[in-house]
Structure formats: structure tokens, C-alpha cells
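One structure is given below, encoded as C-alpha cells.
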Amino acid sequence: PHELKGKDFLCLTDYSTEQINFLLDLSRQMKERFYAGERMLDTLRGRSVAMIFEKPSTRTRVSLEVAAYQLGALPIMLSSSELQLGRGESIPDTARTLSRFVDAIAARVRNHRDLEVLAQYATVPVINALSDLSHPLQALADYLTIYEKKGKFSGLKLAFVGDGSDNMLHSLMVVGAKLGVSIYVASPASLKPNESILAAAMKDAEITGAEIKFTEKPEEAVDGADIVYTDVWVSMGQESMAEAKRKLLAPYQVNAKLMERASSRAIFMHCLPAHRGEEVTDDVIDGPWSVVWDEAENRLHTEKAVLAALIP
Ligand code: CP
Ligand code: NVA
Numbered sequence: 004p005h006e007l008k009g010k011d012f013l014c015l016t017d018y019s020t021e022q023i024n025f026l027l028d029l030s031r032q033m034k035e036r037f038y039a040g041e042r043m044l045d046t047l048r049g050r051s052v053a054m055i056f057e058k059p060s061t062r063t064r065v066s067l068e069v070a071a072y073q074l075g076a077l078p079i080m081l082s083s084s085e086l087q088l089g090r091g092e093s094i095p096d097t098a099r100t101l102s103r104f105v106d107a108i109a110a111r112v113r114n115h116r117d118l119e120v121l122a123q124y125a126t127v128p129v130i131n132a133l134s135d136l137s138h139p140l141q142a143l144a145d146y147l148t149i150y151e152k153k154g155k156f157s158g159l160k161l162a163f164v165g166d167g168s169d170n171m172l173h174s175l176m177v178v179g180a181k182l183g184v185s186i187y188v189a190s191p192a193s194l195k196p197n198e199s200i201l202a203a204a205m206k207d208a209e210i211t212g213a214e215i216k217f218t219e220k221p222e223e224a225v226d227g228a229d230i231v232y233t234d235v236w237v238s239m240g241q242e243s244m245a246e247a248k249r250k251l252l253a254p255y256q257v258n259a260k261l262m263e264r265a266s267s268r269a270i271f272m273h274c275l276p277a278h279r280g281e282e283v284t285d286d287v288i289d290g291p292w293s294v295v296w297d298e299a300e301n302r303l304h305t306e307k308a309v310l311a312a313l314i315p
């Protein structure tokens, strides 16, 4: 359906609105079946999925492993250092070899380009488990959560407060634009999104009527927002910039005072892990606005949908 079998899942710019809606529908079905007691499905019985992690992960690696298991597939968790990749075997050769054993490869990489090379040489679907550029699996779970909480997409306003060059922001913009969710970004002017991602999102936004706006003032972005979203100030791999980014982003903390400016029924979202006391305060992430644990749970259901839809 919707030509997803065999497709890579690198960046949701490659997916149509129909394909994204199809994955969201399938995620909902997976969730319903899970809650109806159907934990084990036969969908991928006899299949295997290699999962390569170059960076730490709690949510993605556990939810992907459980997702594969519950669909009947064997998940194979690998850190790049324990593969021959860590001793200099090339990405193309790794891709060619793994493709002879497994039915899909998920990878969390430092450089998005490595995912593209992996996908170019693999003959099985390659799934982005986070790169420096994007985090599409998280965005899918986020929009499932938004729909569950708000019952619609079109006309919603999401305020993203923090790092304007964040990988999470990229994926939220790409999908939001396709679904008609407006994205208001509050960020220091020096932290800009990737140009081609922004251009792609702008193009889709024109069709759906979603707005994508930038401001340096958190209050301006959050005013009347339906969703307030933030992410860590220092992403994995940016450790050398940590001090400078913390200083630059200090005025962009999501605290109760800022949340008061959002819509009275606003929700707070964060992909996690959170750095409490930096980008978000305890009273927000533990407060009435927060949906972060439902959001985290939805990683499992959306990943089951992605694996089931992509693996032939
Ligand atoms: N949100 C997310 O991807 O978390 P992990 O880094 O723990 O996988
Ligand atoms: N922007 C964060 C997201 C973590 C899930 C990072 O890349 O570290």
C-alpha cells in the first residue's frame, strides 16, 4: 500500500502526506491491538533487523528492539565499534553484507551522509534512528501524540523554543508542513535550520496553508500555541560547543511563566532525554501541560508501523 515496501526511511521529505497519514493510521492500529492484548503479531515472522548505534540511545534502541520482537522479527543490536566498521570496513561493504542477512537496517549516525551511503548500497530498507540532520521516527511518534491530544492537525500552532538548527526541529517542520501544522520557532538568529530542509518544508507549507515563522523572542512564538516543544541545547556530538550553546540558549528555557502564554489547553512536548533546569524546568515537564511519557510510549507503536510497512 502506498508503495512503502522496500522504501528507505531517511528523511520524511521523501514521504508524501498520504504516506505519512498511512503510517500514522497503521501506528494507531498497532497501538489498539497492543491494548487489546495482541502483543505478539506474525507480521514479520522469520525476518531480522540489524540496528547500528554510533551514539547513545535509551528510547530508540529499546523501542526498536521491542517493536521488532513484537512483530515476530529478530532484532540485532550492534554498536558501530563492535562491527568491522569500527576497524575500517567501509559503509558500502557493510551495507552489502548485512543486506544478505537481514531484512532492514536501522542506524543512528553522526553524519547523515553515512545513512545515505548505507541506503545506496543496502538492498534492504534503511531506517534513520537519528542523525545530525533529522529524527523522523521521533517526529512520527510526536504527530501521533499530537493527534491523540488535539484530534486534528490542520490549523494547530506548534512553538519550538531553543536550538533553531536542531535535528528534531527539522523533522517537526517537514512533517508539520505536510499536515498543516504551523511551526513558530524561537531561537537565537545564529542558530538556523538546514537550508534545504527549510526550503522543502516551506514548499509543502504553501500547499497546506501551514506557517513557518522565526523569531528571537520565546514569548512571541509561544503566544497562543497549542503545542510547546523543546529539545536539548547540546545535541549528541556537539560537546565541544556545549558551553557556548548553553550561554546562547539560556533565555530560551521553557518554564511555567512561558507556558502561561500558550493556549489554555496547550501541551508540552520533548523528545527526551531532558536536561532539567536547562531547556525545561521540572514544573513544566512534570506539570499538567506535559505529555512527554505518552510521547515516548508512542515510539513503540509508530516503529512497529514503520517496520511492518517498509519490510517487504
Ligand atoms: N528521543 C530519543 O530518540 O531518545 P534516545 O536518544 O534515548 O533514543
Ligand atoms: N537533538 C538531540 C535529540 C536526542 C533524541 C540530539 O541529537 O542529541
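Residues in the sequence shown are numbered consecutively from 4, following the UniProt record's numbering.
Even glycine gets a Cβ: it sits at the ideal position worked out from N, Cα and C.
Query, Result
"Pair within 8 Å by beta-carbon distance, Val257 and Thr233", "yes"
"Minimum C-alpha distance to Leu251 - residue among Leu172, Trp296, Glu306, Leu194", "Leu194"
"At least three beta-carbon pairs within less than 8 Å, the region 278 to 287 to the region 127 to 142", "no"
"Minimum C-alpha distance to Cys274 - residue among Ala53, Ala299, Tyr255", "Ala299"
"Cβ neighbour criterion (16 or more within 10 Å) applied to Phe104", "exposed"
"Ser199: first and last residue of the uninterrupted alpha helix (DSSP H) it sits in", "198 to 211"
"Close-in-space but distant-in-sequence residues of the same chain around Lys10 (CB under 7 Å, 5 per side omitted)", "Pro128, Leu313"
"Cβ-based neighbour list, His304, same chain, cut-off 6 Å, excluding 5 preceding and 5 following", "Ser30, Met33, Lys34"
"Exposed unless 16 or more other CB atoms sit within 10 angstroms - verdict on Gly91", "exposed"
"Backbone secondary structure at Thr284 - three-state DSSP", "coil"
"Per-residue burial, Gln73 [other beta carbons within 10 Å of its own, 16 or more giving buried]", "buried"
"Three-state class that DSSP yields for Tyr187 in the structure shown", "strand"
"Sequence-distant residues of the same chain with beta carbon closer than 6 Å to Gly227, five excluded per side", "Ser266"
"Member of Asp106, Pro191, Val65 whose CA lies at the smallest distance from the CA of Lys8", "Asp106"
"Check your reading: residues with Cβ closer than 6 Å to the ligand CP heavy atoms", "Ser60, Thr61, Arg62, Thr63, Leu133, Gln141, Cys274, Leu275, Pro276"
"Asn24, DSSP secondary structure in three states", "helix"
"Any non-hydrogen atom of the ligand NVA within 7 Å of Asn301 CB", "no"
"Best match in Ile79, Met244, Leu118 for proximity to Ala98 [C-alpha to C-alpha]", "Leu118"
"Rounded distance between the beta-carbons of Val112 and Pro95, thought under 8 Å", "Not quite, the Cβ-Cβ distance comes to about 14 Å (not below 8 Å), so this is no contact."
"Assumed close pair Met262, Ala253 - CB separation to whole angstroms, cut-off 8 Å", "Not confirmed; about 18 Å, so no contact."
"Inter-residue spacing [alpha-carbon to alpha-carbon] between Pro139 and Leu13", "7 Å"
"Candidates Ala202, Ser243, Val237: closest to Arg249 by CA position", "Val237"
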